[in-house]
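Counting from 31, one number per residue, gives the positions in the first sequence under this note's numbering. Data first, discussion second: the structure below is written as structure tokens.
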Amino acid sequence: MDVSHLLDELNEAQREAVTARDGHVLVLAGAGSGKTRVLVHRLAWLIQVDHVSPLGILAVTFTNKAAGEMRERTGQLLQVSTRPLWIGTFHGIAHRLLRMHWKEAGLPEQFQILDSEDQQRLLRRIIRDEGMDEAHWPARQAQWFINARKDEGERPQHIEHLDHPVTSTWVHIYRLYQDYCNRGGLVDFAELLLRAHELWLEQPDLLDHYRKRLRHLLVDEFQDTNSIQYAWIRMLAGSTGRVFVVGDDDQSIYGWRGAKVENVQLFGRDFPDVMTVRLEQNYRSTGNILDAANALIAHNQSRMGKNLWTAGESGKLIQLYTAFNEQDEARFVVDQLQQWLDSGRRADDGAILYRTTAQSRLFEEYLLRENIPYRVYGGQRFFERTEVKDALAYLRLLLNPNDDAALERVINKPARAIGEKTVSFIRLQARESGLTLWQAANECLSQGKFATRAGTAVAAFIRLIEDMRERMKDWTLGNQMQGAIDDSNLAAHYEKEPRERMETRFENLRELVNAADAFILPQEDAEAGLDELQSFLSHAALEAGETQGESWDDCVQLMTLHSAKGLEFPLVYMVGMEDGLFPHQRSVEDAAGRLEEERRLCYVGMTRAREQLVLSYAEIRRMHGSENFCRPSRFIDEIPAEYLEEIRPRTSSRQPWVSARPSPVRGGANTEWPFRLGQVVAHPKFGEGTVMSFEGSGEHTRVHVNFPAIGAKWLVLAYANLQAR
DNA sequence: TCCATTGACGTTTTT
DNA sequence: CGTCAATGGA
């Protein structure tokens, strides 16, 4: 068979990976080195050359977008249907397994997926019911604890150090929460993975079946896998499966949410005969950008090592702008973008990348003022909107009235005289008898435990749900959706809101009905035994949809560095390049490789740029209400000067502060600061440290000093007794 | 039950 | 400074 069309468009390293004959393959794919291309060609190669049945291949990604792209491009390349191929996200695949084997997994058939908002609300509820102080035991932290444990594959009984009072409290909450979920048939995101893993652990026959069927496993973004995902892959592979993973340890930026870069190294140890292929030729950026990025990332100690190169030109130098303050920074970026547009380039060629979401505000303001169209990534997704989740909660109750999360959400929405008092009474009953809220409410009714008015209201709600279920059981999904919105009279609830808000809500509800109308039960969901409604609800949870229906075309792109991963733009601004902001203070303080992860984030940002990269930082930034004197990011210092071109602010003579680069900032006209930023000072107790910033004035002046031994500390200048060195 | 004021807090995000 | 959630008076 002629396979030249599969190989022609690949370079040597890519070809080596795609055509690997046996064993496992680890592809270390640098930024812009054609990672997706390799994955897609590998799929095609397996099918067309090795004649592997598409049914025997599983390809896993992290995001729905990546999964869709892989399926799409594979279809284009192969010119055959990709439907039999199992391509999906870890969560999507775990979900499908659990649907097919709900009995073996110990789940009710109508189990529902809990998104993180649902999860947090449920936890807040539990913590309150326990009579615990929410300020001391925030639901957010409980959520973090539980998900982190689940990501490590741990159940409450597996967690040690129960003698530690804080840990044991969280374990207690974990246990209560899991009981709630089990009673109501609720599965959170982490639980999907953990259950899927346990399913195989406890059902060797089932595992064996899948091992025999799925001989080829492909994993995208391997550096982002967490412990349970890695364990899941290992288990499925067994000793017969062949695993092909693609990743880049230098682009691992999700350690804080459980990703384990170590898995990249572990892979070579845990799997025998791993062939490692490095993709280092970059097809995206200019030489200068790549050289600068290489130099930066070389400062990381723990890496597998890689050096990007390009056959293209070295291109323009990286521009560095020292802004007077954050307004000046925004003004500079927006002015330059305007020039870019004036020169005939497109707005969506440009991207502004920042470390924290809050930074977008000022740029939006200036872009708006200059009438430059822009789009902010992130933010709320369609299926996460309040009104959408409210309407879906009614449908969830039709399927599974024991869904406490859904019931809590809508039992009094719109107001139907079931106030906090009645609800907490039901909760108490449920807790005492180990029932779900729905069961407890029915119980209370039949035993006449409610006061007359409350009883009538609760009975009416129960009847509402049961009538809906009865009436709508044969309706189309779209009609069910519309019916649920109408019968519940949700509109009454939003009508009390401000006009504009109400209108958006109604608009979104109409869109929801449209989405339900247009929904086609996917074949794979049908195979897993789902009906339309179940499938629709699962989709709503697993792929929350586009951020906005907003027009996508020709807008400047604003996003965090994290969300920029995987994207590319001709013109990239990395703004707020200041120590404390980027790298973020929290990452500098916590030890344990956090700084290296920040550096990787910087590397990710730089390698998004195709033609021109612009870095900027502000000398003074207002944060949390007070002015901060900033030091340029250490990452700027790590980029060799030969790749940088400094752009001076307009008229430097008018400025009260001298630029921090190359010489450090000086107190200038202000004599209140006896030290320079970056100066080494000595503290009687903490030893020597570096001055990072000042805050406040007069006797309130505080100074931020980084002590190598103990970390960074804020000191009140008047008391600290610091000596210059 | 509702809006308005107050207060706490202040990385990163997908599923 | 700006946001969000919780509290409390009408």
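C-beta: ideal position from N, C-alpha, C; glycine also.
Exclusion of the five residues before and after A61 leaves T637 as the residues of its chain whose Cβ lies within less than 6 Å of its Cβ.
Collapsing the DSSP output to three states places P138 in coil. DSSP lists L58 as the bridge partner or partners of G277.
In the pairwise beta carbon analysis, the stretch 431-448 is classified as touching the stretch 458-476: at least three pairs are separated by under 8 Å. A direct Cα-Cα distance of roughly 26 Å separates F297 from R126.
Here the stretch 82-102 makes no contact with the stretch 363-371; the two share fewer than three CB pairs at distances below 8 Å.
The beta-carbon distance between D159 and R501, rounded to whole angstroms, is 34 Å. This is too long to meet the 8 Å contact definition. Apart from the 5 residues on each side of it in sequence, Q150 sits with its Cβ closer than 6 Å to the Cβ of A169, Q173 in its chain, given in chain order. Between V307 and V55 a beta carbon distance of about 7 Å is seen, short of the 8 Å cut, so the two are scored as contacting. A contact between stretches requires three or more CB pairs, one per stretch, nearer than 8 Å, and the stretch 530-544 fails this requirement with the stretch 489-505.
For R308, the enclosing beta strand (DSSP E) begins and ends at 304-309. Judged by DSSP secondary structure, V644 falls within the beta strand (DSSP E) whose first and last residues are 639-653.
The shortest C-alpha to C-alpha distance from R154 to any of E627, Y207, T119 is the one to Y207. Here D254 is buried. Its C-beta has 16 or more other C-beta atoms within 10 Å.
Taking C-beta atoms as the reference points, L643 and M604 count as a pair closer than 9 Å. In this structure S568 is buried. Its beta-carbon is surrounded by 16 or more other beta-carbon atoms within 10 angstroms. Counted as a single uninterrupted DSSP element, the stretch harbouring Y407 is not any alpha helix (DSSP H), since DSSP gives it neither H nor E.
Inter-segment contact for the stretch 398-407 and the stretch 416-433 is absent: fewer than three beta-carbon pairs are separated by less than 8 Å. In the DSSP assignment, Q587 falls within the beta strand (DSSP E) that extends over 586-590. Under the Cβ criterion (8 Å, minimum of three pairs), the stretch 278-285 counts as touching the stretch 626-635. When secondary structure is reduced to three states using DSSP, A381 falls in the strand class.
Just so you know, the alpha carbons of S565 and G559 end up roughly 9 Å apart. With a minimum length of 4 residues, the unbroken runs of alpha helix (DSSP H) contained wholly in the stretch 299-378 fall at 317-327, 356-372.
Q510 and D497 have their C-alpha atoms roughly 12 Å apart.
L631: member of the alpha helix (DSSP H) spanning 624-636, first to last residue. One thing to note: R664 has its Cβ no nearer than 9 Å to the Cβ of P600.
If you ignore the 5 residues before and after M334, its C-beta comes within less than 7 Å of the C-beta of L58, D279, V294, all in its own chain and listed in chain order. Our two residues, T119 and L674, have alpha carbons roughly 40 Å apart in a direct line. Judged by DSSP in its simplified three-state form, N430 adopts coil rather than helix or strand.
When the five nearest sequence neighbours on each side are left out, the beta carbons in the same chain lying within less than 8 Å of the beta carbon of G215 are those of L137, P138, Q140, F141, Q142, N430, N432, D433, in order along the chain. For the pair R101 and T112, the Cα-to-Cα distance works out to about 7 Å. By the Cβ neighbour-count rule, K451 is exposed, with fewer than 16 other Cβ atoms within 10 Å of its own.
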